[in-house]
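Chains as they are written, first to last, in the numbering used here: chain A, 230 to 370; chain B, 4 to 462. Virtual Cβ for every residue (Gly too), placed ideally from N, Cα, C. Have a look at the structure below before the remarks.
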Amino acid sequence: MKMSERRILLVEDNPADAWLIKEALRRRSLTCHLDHYLTAEDAIRAVALEGIDGTSVPDLILLDYNLPGGHGVDILAAATKNSNLHSVPKAVVSSSLMPDEVSHARSLGASCFIHKPANLNEFFEEIGSKIAELLEGRRVP
Amino acid sequence: MPEMDGFETAQMIRNRGRSSRTPILFLTAYRSDEQLFRGYDLGAVDFLFKPIVPEVLQSKVAVFVELSRNEQLLLRQAEELTRTERKFRAVLEAAPDAMVITKQSGIIELANSRADALFGHSRESLIGLNIRTLIPAWEQAHPEQKAAMRSPWSEARLNAVRRDGAAFPADVTTSSFVTPEGPRYTTAIRDATDQVVAEERIQKINVELEKRVQERTAALTYSNDALRQFAWAASHDLQEPIRTVLNYSEWLSEATRGRLATEESEMLDIIRQHGDRLHRLLIALREYIRVSESGGRQEWKSVNSNAALQTAISNLENVIVESGTSVQCGELPTIHSVEILLVQLFQNLISNGIKYRSAEPPVIQVSAVPSGNGWTFSVTDNGAGIDPKYFNYIFGVFRRLQAGENSGAGMGLAICKAAVERLGGKIWVDSAPERGSAFHFYLPEGSRYEDERAPDPAG
């Protein structure tokens with residue numbers, strides 16, 4: 230893994246959406262290494278271990294909030310416990326979010342909320358631009 | 004006296020019923036004791052010996068007439084008293100309850116036969132007995148104990164005791180009256196055993212009924228909540244898969260552009276169109292649930308309805324411009340309401356007027372008049388109009404009068420109805436085909452959600 234290549238930790242239970250997100254990155258010409266976790270259990274374990282042995286932490290955590298069993302919250306909570314991840318931006322993606330879900334996620338450290346539009350080009354635009362923005366902000370401390 | 008002597012006459016006066024008590028004064032010249040005794044035997048009150056002194060005669064007659072009258076009066080009064088007492092006893096006997104009259108000490112002076120029967124005492128043993136033997140807490144039924152009731156009689160449910168010691172509940176009514184011999188109490192006692200049983204049964208039935216009502220209410224509330232949650236979750240969770248279907252059908256049509264046969268590409272379009280329609284239906288359903296669910300929890304405040312209308316117009320700007328719609332309005336009031344619901348109402352009704360327009364460019368007029376305890380707003384259009392038989396139908400969920408891709412989800416007016424109901428008002432329509440429609444909604448001045456209004460500092 231080259232130092233210049235950014236790494237995104239993606240938690241997304243819907244493979245179809247993961248594919249769309251990859252395509253959005255491709256269309257933006259954002260070359261990223263994507264660590265994709267399909268289940269909350271795997272994601273929680275991974276989040277807890279990030280940066281523990283001195284290795285690099287991801288540049289962005291991208292999380293589908295509407296995971297089965299409501300485990301999006303648990304992943305954010307696990308990320309909060311790992312102090313190595315405190316400066317890593319955490320973005321929540323979702324088809325729809327309730328206002329109280331937004332404020333709860335915000336209280337657990339989520340800093341960005343990305344909507345998944347039903348229109349394809351809007352989807353690519355929304356996901357692509359928000360991720361680019363977050364990675365950009367990360368590169369210039 | 005010539006043909007008949009005085010004694011015979013006196014005898015006849017005595018024998019006549021009407022005059023049997025008339026005092027007889029003998030006037031006589033004889034003074035023999037024998038005659039005097041005979042006269043007294045025949046009812047003579049006095050003798051006057053001749054020669055008669057008129058003044059003496061007059062005085063005696065006056066005295067005896069007076070005496071006789073007084074005696075008659077006393078006699079009548081005694082008879083009257085007897086009759087009254089008989090009446091009184093008859094009333095006492097006819098009473099449906101056991102009745103006793105007592106002195107203040109509680110000693111029974113008079114009782115009716117129901118009292119004998121109820122308590123198992125003989126009349127003789129009842130008279131002279133203290134009523135506390137029958138009703139130990141007798142005083143609790145005294146009117147003085149219930150002075151607050153300001154009633155000449157008072158009632159209490161007390162324990163009563165039969166001669167054999169068996170206790171039973173009794174309704175005891177007491178009233179007092181004053182006699183020269185001191186105060187007396189009339190106490191009526193009714194066996195309340197059956198009543199107590201009936202009351203306990205009613206009590207039990209009521210408790211049971213209350214329990215059932217609570218159970219039903221809980222079950223209904225539960226199923227209502229479950230339905231709401233279901234509707235919400237369905238509209239929410241179905242969005243995700245339909246969005247994926249839409250994204251991928253579009254991606255597929257983009258990726259295969261120019262490579263599909265016309266029919267194949269039409270099939271793909273059909274998938275997209277219907278997926279899109281399903282998506283819009285779900286969004287409208289969510290909106291409906293949101294309005295009907297949360298309207299009451301929204302913030303009630305002073306809302307300038309002109310500003311709410313302007314917000315609605317700017318939200319619809321694209322549609323208004325594209326359709327060449329003219330929205331006209333007069334001066335609208337400032338009301339106590341929920342702003343987002345009012346905006347939603349204007350927006351949906353204007354959008355409705357544009358969607359169902361006639362061949363003419365849409366002209367929509369918004370006005371308000373004071374009405375009842377609030378305002379009636381009207382949104383009038385020059386559109387296609389609605390057949391009166393659909394007046395109720397159109398306010399239902401997923402109701403459309405036109406099919407086709409251009410038509411909406413059929414939720415616009417249902418959302419209006421939910422919003423108006425949340426605001427405590429009602430909505431209705433006046434229309435005829437080809438004559439345009441006028442939607443009216445009445446909003447009371449925040450009366451329904453009084454408790455949710457901010458307290459008025461002025462009082």
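Extent of the continuous alpha helix (DSSP H) to which Phe40 of chain B belongs | For the purposes of this step, residue 40 of chain B is taken as residue 37 along the second sequence, with counting starting at 1. Where Phe40 of chain B is concerned, the enclosing alpha helix (DSSP H) stretches over 36 to 44.
Report the three-state DSSP secondary structure of Glu234 of chain A (helix, strand or coil).
-> In the first sequence, the residue the question calls residue 234 of chain A occupies position 5. Glu234 of chain A falls in the coil class under three-state DSSP.
Span of the alpha helix (DSSP H) holding Asn355 of chain B?
-> Here the question's residue 355 of chain B lines up with position 352 in the second sequence. Per DSSP, Asn355 of chain B belongs to the alpha helix (DSSP H) from 342 to 358.
Looking at chain B, which residues of the segment 323 to 334 of chain A have a Cβ within less than 7 angstroms of any of its Cβ atoms?
-> Ser324, Ser325
Secondary structure of Gly377 of chain B, DSSP reduced to three states = Counting from one through the second sequence, the residue named residue 377 of chain B turns up at place 374. Correct three-state label for Gly377 of chain B: strand.
Please work out which residues of its chain come closer than 6 angstroms, Cβ to Cβ, to Ser323 of chain A, disregarding the five sequence neighbours upstream and downstream, and give them in chain order.
-> The count along the first sequence starts at 1 and reaches residue 323 of chain A at position 94. Cβ neighbours of Ser323 of chain A beyond the five flanking positions: Tyr294, Asn295.
Any Cβ of chain B within less than 8 angstroms of the Cβ of Leu267 of chain A?
-> Taking the first sequence and counting its residues from 1, the one referred to as residue 267 of chain A is at position 38. No, its Cβ sits nowhere closer than 8 angstroms to a Cβ of chain B.
Excluding five sequence neighbours on each side, which residues of the same chain lie with their C-beta closer than 6 angstroms to the C-beta of Pro186 of chain B?
-> The residue labelled residue 186 of chain B in the question sits at position 183 within the second sequence. Contacts found: Gln107, Ser179.
Which of helix, strand or coil does DSSP assign to Pro183 of chain B?
-> Counted from its first residue, the second sequence places residue 183 of chain B at position 180. Coil, per DSSP.
With DSSP as the reference, label His443 of chain B as helix, strand or coil.
-> Along the second sequence, read from residue 1 onward, the residue named residue 443 of chain B stands at position 440. Three-state result, His443 of chain B: strand.
Are the segment 359 to 367 of chain B and the segment 382 to 391 of chain B touching, with three or more C-beta to C-beta distances below 8 angstroms?
-> yes
Cβ of Asn321 of chain B within 8 angstroms of any chain A Cβ = For the purposes of this step, residue 321 of chain B is taken as residue 318 along the second sequence, with counting starting at 1. False, the Cβ-Cβ gap to chain A never drops below 8 angstroms.
When the Cα atoms are used, what is the spatial distance from Ala441 of chain B to Ala234 of chain B?
-> Taking the first residue of the second sequence as position 1, residue 441 of chain B is located at position 438. Taking the first residue of the second sequence as position 1, residue 234 of chain B is located at position 231. Spanning the two alpha carbons is a distance of roughly 31 angstroms.
Which partner residues does Glu267 of chain B have in the DSSP bridge list?
-> Against the second sequence, residue 267 of chain B aligns to sequence position 264. Paired residues: none, contrary to the question.
So which residues of chain B does Asp246 of chain A contact, with C-beta pairs closer than 7 angstroms?
-> Here residue 246 of chain A refers to the residue found at position 17 of the first sequence. Within 7 angstroms Cβ-Cβ: Thr247.
Nearest-angstrom Cα separation, counted from Arg92 of chain B out to Asn162 of chain B | Within the second sequence, the letter at position 159 stands for residue 162 of chain B. Within the second sequence, the letter at position 89 stands for residue 92 of chain B. Cα to Cα, Asn162 of chain B sits roughly 26 angstroms from Arg92 of chain B.
Buried versus exposed call for Gly278 of chain B [16 or more other C-beta atoms within 10 Å across all chains shown] = Taking the first residue of the second sequence as 1, we reach residue 278 of chain B at position 275. Buried: at least 16 other Cβ atoms inside 10 Å.
Cα-Cα separation, Ala159 of chain B to Leu121 of chain B = Counted from its first residue, the second sequence places residue 159 of chain B at position 156. Counted from its first residue, the second sequence places residue 121 of chain B at position 118. For Ala159 of chain B and Leu121 of chain B, the distance between alpha carbons rounds to 18 angstroms.
Ordered list of beta strand (DSSP E) runs contained in the segment 98 to 180 of chain B, each at least 3 residues | 101 to 106, 111 to 114, 157 to 164
Lys345 of chain A touches chain B at which residues, Cβ-Cβ below 7 angstroms?
-> Position 116 of the first sequence, counted from the start, is the residue given in the question as residue 345 of chain A. Here the neighbours are Arg246.
Does the distance from the C-beta atom of Asp49 of chain B to that of Leu77 of chain B stay below 8 angstroms?
-> By 1-based counting over the second sequence, the position of residue 49 of chain B is 46. By 1-based counting over the second sequence, the position of residue 77 of chain B is 74. No, Cβ-Cβ distance for Asp49 of chain B and Leu77 of chain B is not below 8 angstroms.
Per DSSP, what kind of secondary structure is His333 of chain A in: helix, strand or coil?
-> As a position in the first sequence, residue 333 of chain A is number 104, starting the count at 1. Looking at His333 of chain A - three-state DSSP - the assignment turns out to be helix.
Limits of the alpha helix (DSSP H) - the one that Thr196 of chain B falls within | The count along the second sequence starts at 1 and reaches residue 196 of chain B at position 193. 196 to 240 is the span of the alpha helix (DSSP H), which, as asked, contains Thr196 of chain B.
Quick one: is Glu295 of chain A near chain B, going by C-beta distance under 8 angstroms?
-> Position 66 of the first sequence, counting from 1, holds the residue named residue 295 of chain A. Per the sequence presented here, residue 295 of chain A reads as Asn, with Glu not at that position. By this cut-off, Asn295 of chain A is an interface position.
For Gly42 of chain B, verify whether its CB is less than 7 angstroms away from any heavy atom of the ligand ATP.
-> The ligand ATP is absent from the structure shown, which contains no ligand whatsoever.
Report yes or no: is there a C-beta of chain B within less than 8 angstroms of the C-beta of Leu249 of chain A?
-> Within the first sequence, residue 249 of chain A is the residue found at index 20, counting from 1. Answer yes: the Cβ-Cβ gap between Leu249 of chain A and chain B drops below 8 angstroms somewhere.
Any chain B beta carbon closer than 8 angstroms to Phe352 of chain A | Within the first sequence, the letter at position 123 stands for residue 352 of chain A. Yes, Phe352 of chain A counts as interfacial toward chain B.
What span of residues does the beta strand (DSSP E) with Gln405 of chain B cover, start to end?
-> The residue given as residue 405 of chain B occupies position 402 in the second sequence. No beta strand (DSSP E) contains Gln405 of chain B, which DSSP labels as neither H nor E.
Decide if the segment 337 to 345 of chain B is in contact with the segment 418 to 430 of chain B; the criterion is three or more beta carbon pairs, one per stretch, under 8 angstroms apart.
-> yes
Given a threshold of 16 other Cβ atoms within 10 Å of its Cβ, counted over all protein chains shown, does Thr190 of chain B qualify as buried or as exposed?
-> Here the question's residue 190 of chain B lines up with position 187 in the second sequence. When all chains shown are included, Thr190 of chain B counts as buried.
Locate the alpha helix (DSSP H) running through Asn318 of chain B, then write down its first and last residues.
-> Walking along the second sequence from the start, residue 318 of chain B turns up at place 315. Taken as a continuous stretch (DSSP letters only), the alpha helix (DSSP H) holding Asn318 of chain B covers 308 to 318.
Could you name the residues that DSSP lists as bridge partners for Trp431 of chain B?
-> Counted from its first residue, the second sequence places residue 431 of chain B at position 428. The partner list for Trp431 of chain B (beta bridge, DSSP) reads B:His443.
Name the residue from A:Asp329, A:Leu289, A:Met327 whose alpha carbon lies nearest to the alpha carbon of His262 of chain A.
-> Residue 262 of chain A sits at position 33 when you count from the first residue of the first sequence. The shortest C-alpha separation from His262 of chain A is found at A:Leu289.
So, is Gln347 of chain B buried or exposed, given that buried needs 16 or more other C-beta atoms within 10 angstroms?
-> In the second sequence, the residue the question calls residue 347 of chain B occupies position 344. So Gln347 of chain B counts as buried.
Are the segment 304 to 322 of chain B and the segment 246 to 255 of chain B touching, with three or more C-beta to C-beta distances below 8 angstroms?
-> no
Consider the Cβ of Gln347 of chain B: report whether some Cβ of chain A lies at a distance smaller than 8 angstroms.
-> Taking the second sequence and counting its residues from 1, one reaches residue 347 of chain B at position 344. By this cut-off, Gln347 of chain B is not an interface position.
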